[in-house]
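> I'd like to ask some things about the structure below.
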Amino acid sequence: GVSQLLEDIDAISLTIIAQTAILHDLKAKRLEAQHKLNLFLDPMARLPLELQSYIFLFVDSHSLPQKLNPNAAPILFLRVCRLWRDIALATPMLWTKIQIDTSPCGPNHLGLCKIWLKRARSLPLSVALRGPLRLDQNLQDLLAQYSPQLKNLTLTKHRSAKGPQYPYVVWELPENSLPSLKTLSIEPADNYENAFWGNIEVWLGILRAAPRLSRCKMADTFHDEEEDAVPPSQSLMLASLEWMHLGEPGAWNLRGTAGSSSLAILRYLTLPALKVLTLSEPDIAHEAFLSFLSRSSPPLESLEMSLSHEEPWLEPVISRFLPLIPQLVTLDLVALAEYTELQVNDLFLPFVDALRSSSEVLPHLRTIVFRTDTAVTIDYGRLLSMLEFRFTSCPARLQRFELKIAHYMDSDSMNELPNEEVRVGLQQLVRDGLKIHIGTPEDNML
Numbered sequence: 182g183v184s185q186l187l188e189d190i191d192a193i194s195l196t197i198i199a200q201t202a203i204l205h206d207l208k209a210k211r212l213e214a215q216h217k218l219n220l221f222l223d224p225m226a227r228l229p230l231e232l233q234s235y236i237f238l239f240v241d242s243h244s245l246p247q248k249l250n251p252n253a254a255p256i257l258f259l260r261v262c263r264l265w266r267d268i269a270l271a272t273p274m275l276w277t278k279i280q281i282d283t284s285p286c287g288p289n290h291l292g293l294c295k296i297w298l299k300r301a302r303s304l305p306l307s308v309a310l311r312g313p314l315r316l317d318q319n320l321q322d323l324l325a326q327y328s329p330q331l332k333n334l335t336l337t338k339h340r341s342a343k344g345p346q347y348p349y350v351v352w353e354l355p356e357n358s359l360p361s362l363k364t365l366s367i368e369p370a371d372n373y374e375n376a377f378w379g380n381i382e383v384w385l386g387i388l389r390a391a392p393r394l395s396r397c398k399m400a401d402t403f404h405d406e407e408e409d410a411v412p413p414s415q416s417l418m419l420a421s422l423e424w425m426h427l428g429e430p431g432a433w434n435l436r437g438t439a440g441s442s443s444l445a446i447l448r449y450l451t452l453p454a455l456k457v458l459t460l461s462e463p464d465i466a467h468e469a470f471l472s473f474l475s476r477s478s479p480p481l482e483s484l485e486m487s488l489s490h491e492e493p494w495l496e497p498v499i500s501r502f503l504p505l506i507p508q509l510v511t512l513d514l515v516a517l518a519e520y521t522e523l524q525v526n527d528l529f530l531p532f533v534d535a536l537r538s539s540s541e542v543l544p545h546l547r548t549i550v551f552r553t554d555t556a557v558t559i560d561y562g563r564l565l566s567m568l569e570f571r572f573t574s575c576p577a578r579l580q581r582f583e584l585k586i587a588h589y590m591d592s593d594s595m596n597e598l599p600n601e602e603v604r605v606g607l608q609q610l611v612r613d614g615l616k617i618h619i620g621t622p623e624d625n626m627l
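Every position in the sequence shown, counted from 1, becomes a number in our numbering once 181 is added.
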């Protein structure tokens with residue numbers, strides 16, 4: 182009757198449970214067997230874990246800090262198969278580079294950032310912040326948590342299609358809060374209307390946070406000069422900084438009466454280890470620049486700078502400037518497009534005269550480059566005299582000279598071309614081993 186049917190149902194239920202367990206066990210064994218088969222068939226699976234990780238790192242080695250993109254490495258590795266997932270999670274180096282959008286972001290975006298950085302474990306980090314530097318407090322807290330590991334930091338502002346723009350920097354960093362930071366790069370975005378703005382204390386504050394900084398690029402920064410602002414009482418010394426790039430050509434278009442470009446920060450810096458310096462659009466007085474060199478006494482080996490006609494580098498200034506950088510090996514001078522031919526000539530010739538005045542002036546100089554976007558009517562006789570002197574009479578023989586002109590004057594004028602006597606002298610220097618390029622980047626008139 183009824184009791185018998187209930188017993189039958191219970192027995193069948195027990196059998197189903199037992200068979201389900203057997204089926205589950207068989208599926209697990211089949212999966213394990215398939216995994217073992219994959220190990221035999223997949224060449225990568227037979228490699229040691231260290232070599233597998235190296236392959237993943239090689240794929241990722243030349244990439245910039247990664248966006249949080251599920252279709253790009255290393256997140257893509259997690260979705261291929263279990264083996265690849267295990268390798269990716271066992272390789273913390275894959276997670277040491279990340280690009281973070283600093284626009285207001287939701288908890289899911291921030292949560293993924295936390296997971297990403299956690300997978301890097303204790304390794305040094307390279308972080309790129311793209312967007313306004315009015316950081317969400319939660320993002321600030323996350324960056325503060327990992328700031329001791331931060332080795333490379335890139336800041337780029339871009340015009341977002343969503344939300345208002347915040348050009349002013351409001352990210353305050355405690356002093357020495359980035360103890361491991363080696364590289365700071367503030368890069369240009371699509372145009373200089375998106376440059377970062379801040380008062381001088383903001384920029385100095387970021388540098389104070391990184392006492393071991395060795396490379397710094399501030400190509401997209403401007404600072405306000407408030408009338409009642411109190412300048413820093415002491416210059417900031419960065420004893421490890423060897424490479425600095427300040428400003429970008431074209432940035433002068435944004436300068437107004439109340440602001441200046443990133444070069445102004447030199448008034449407040451002392452850089453005793455500086456070896457490479459690139460300066461564009463100088464808008465600080467000669468005295469301020471000379472004061473920076475004097476107190477820093479840097480072992481400068483390479484200098485690239487745009488020349489300002491507003492305060493030209495005349496002989497009295499140059500005679501004070503060059504002795505402050507006696508270790509210089511490469512000198513690269515740029516005259517910008519807005520200058521006339523006569524102005525370009527006035528900018529370059531004082532350097533030509535100074536470099537042929539004495540073998541004690543830049544005795545280690547091996548490379549000289551003059552670049553101009555304007556047709557130039559330079560005195561080639563004086564130029565030849567300087568090159569012969571630097572090639573034959575200086576402790577370090579000059580190895581390369583370039584005068585790169587964006588375009589020639591009209592064909593009716595030959596003022597920009599050396600005469601036959603000078604050309605013969607230049608060609609003799611070339612035969613003796615001096616590399617000379619005079620003309621457009623594509624055309625060497627020699």
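Backbone N, C-alpha and C define an ideal beta-carbon position, used for all residues, glycine too. Please read these numbers as outputs of a predicted model, since none were measured by experiment.
1. Hey, would you say Ser443 sits closer than 8 Å to Ser421, going by beta carbons?
2. Mind checking whether His618 and Glu583 have CB atoms under 8 Å apart?
3. Under 8 Å Cβ to Cβ from Glu569, same chain only, skipping five residues before and after it: list those, please.
4. Buried or exposed: which applies to Ala516, given that a residue is buried once 16 or more other Cβ atoms fall within 10 Å of its Cβ?
5. Which same chain residues end up closer than 7 Å to Pro305 when comparing Cβ atoms and leaving out the 5 residues on each side of it in sequence?
6. Quick check on Val308: buried or exposed, where buried means 16 or more other Cβ atoms within 10 Å of its Cβ?
7. Is the Cβ-Cβ distance between Gly379 and Lys338 less than 8 Å?
8. Quick one: what does DSSP say Trp352 is sitting in, helix, strand or coil?
9. Suppose contacts are defined by Cβ-Cβ distances below 8 Å. Is His628 in contact with Ala454 by that definition?
10. Which value, in whole angstroms, describes the spacing of the CA atoms of Leu275 and Leu334?
11. Kindly indicate the opening and closing residues of the alpha helix (DSSP H) around Thr573.
12. For the alpha helix (DSSP H) containing Trp384, name the first residue and the last one.
13. Out of Asp191, Glu423, Leu238 and Gln580, state which residue places its alpha-carbon closest to the alpha-carbon of Pro479.
14. Could you have a look at Leu550 and say whether DSSP puts it in helix, strand or coil?
15. Taking 8 Å as the cut-off, decide whether the C-beta atoms of Leu359 and Ala325 are in contact.
16. Taking the C-alpha atoms as reference points, what is the distance between Arg628 and Ser540?
17. By alpha-carbon positions, which one of Leu257, Leu419, Arg547 and Ile197 ends up nearest to Thr573?
18. So, helix, strand or coil for Ala587, using DSSP?
19. Over the uninterrupted beta strand (DSSP E) stretch that includes Ile256, give me the two end residues.
20. Report the three-state DSSP secondary structure of Val240 (helix, strand or coil).
21. Taking C-beta to C-beta, are Leu458 and Leu488 nearer than 8 Å?
22. Could you give the distance in angstroms between the alpha-carbon of Leu543 and the alpha-carbon of Asp513?
23. Between the alpha carbons of Leu505 and Trp265, how many angstroms are there, rounded?
24. Specify, as a first and last residue, the run of the alpha helix (DSSP H) that Gly620 falls within.
Judging by the given coordinates:
1. Here residue 443 corresponds to residue number 262 of the sequence shown, with the count starting at 1. Here residue 421 corresponds to residue number 240 of the sequence shown, with the count starting at 1. For Ser443 and Ser421, no; Cβs fall outside 8 Å.
2. Locating residue 618 in the sequence shown gives position 437, where the first residue counts as 1. Locating residue 583 in the sequence shown gives position 402, where the first residue counts as 1. Yes, these two residues count as a Cβ contact at 8 Å.
3. The count along the sequence shown starts at 1 and reaches residue 569 at position 388. Once the five neighbours on either side are set aside, the close Cβ partners of Glu569 are Gly606 and Leu610.
4. Indexing the sequence shown from 1 puts residue 516 at position 335. Burial call: buried.
5. Translated into positions along the sequence shown, residue 305 becomes position 124. For Pro305, where only same-chain residues beyond five positions count, the Cβ hits under 7 Å are Thr277, Gln330, Lys332 and Ser361.
6. Translated into positions along the sequence shown, residue 308 becomes position 127. Buried.
7. Here residue 379 corresponds to residue number 198 of the sequence shown, with the count starting at 1. Here residue 338 corresponds to residue number 157 of the sequence shown, with the count starting at 1. Not a contact, by the Cβ cut-off of 8 Å.
8. Here residue 352 corresponds to residue number 171 of the sequence shown, with the count starting at 1. Here Trp352 sits in coil by DSSP.
9. Only positions 182 to 627 of the chain appear in the structure, and residue 628 is not among them; the question remains open.
10. Mapped onto the sequence shown, residue 275 falls at position 94. Mapped onto the sequence shown, residue 334 falls at position 153. Cα-Cα distance, rounded: 17 Å.
11. Counted from its first residue, the sequence shown places residue 573 at position 392. Start and end: Tyr561 to Thr573.
12. Translated into positions along the sequence shown, residue 384 becomes position 203. Note, Trp384: alpha helix (DSSP H), Ile381 to Arg389.
13. Position 298 of the sequence shown holds residue 479. That would be Glu423, whose Cα lies nearest to the Cα of Pro479.
14. Position 369 of the sequence shown, counted from the first residue, corresponds to residue 550. It should be noted that the sequence gives Val, not Leu, for residue 550. Correct three-state label for Val550: strand.
15. Walking along the sequence shown from the start, residue 359 turns up at place 178. Walking along the sequence shown from the start, residue 325 turns up at place 144. Not in contact: Leu359 and Ala325 (Cβ atoms no closer than 8 Å).
16. Outside the shown range of the chain (182 to 627) lies residue 628, about which nothing can therefore be said.
17. If you number the sequence shown from 1, residue 573 lands on position 392. Minimum Cα distance to Thr573 is reached at Arg547.
18. To locate residue 587, count along the sequence shown from 1; it is residue 406. In the structure shown, Ala587 sits in coil (DSSP, three-state: anything other than H, G, I, E or B).
19. As a first step, residue 256 is located in the sequence shown; it is residue number 75 there, counting from the start. From DSSP, Ile256 is part of no beta strand (DSSP E) but of the alpha helix (DSSP H) over Ile256 to Leu259.
20. By 1-based counting over the sequence shown, the position of residue 240 is 59. Correct three-state label for Val240: helix.
21. Walking along the sequence shown from the start, residue 458 turns up at place 277. Walking along the sequence shown from the start, residue 488 turns up at place 307. Not in contact: Leu458 and Leu488 (Cβ atoms no closer than 8 Å).
22. On the sequence shown, position 362 is the one that residue 543 refers to. On the sequence shown, position 332 is the one that residue 513 refers to. Each residue's alpha carbon lies about 13 Å from the other.
23. Working through the sequence shown from its first residue, we reach residue 505 at position 324. Working through the sequence shown from its first residue, we reach residue 265 at position 84. Cα to Cα, Leu505 sits roughly 56 Å from Trp265.
24. As a first step, residue 620 is located in the sequence shown; it is residue number 439 there, counting from the start. No alpha helix (DSSP H) holds Gly620; the beta strand (DSSP E) holding it covers Lys616 to Gly620.
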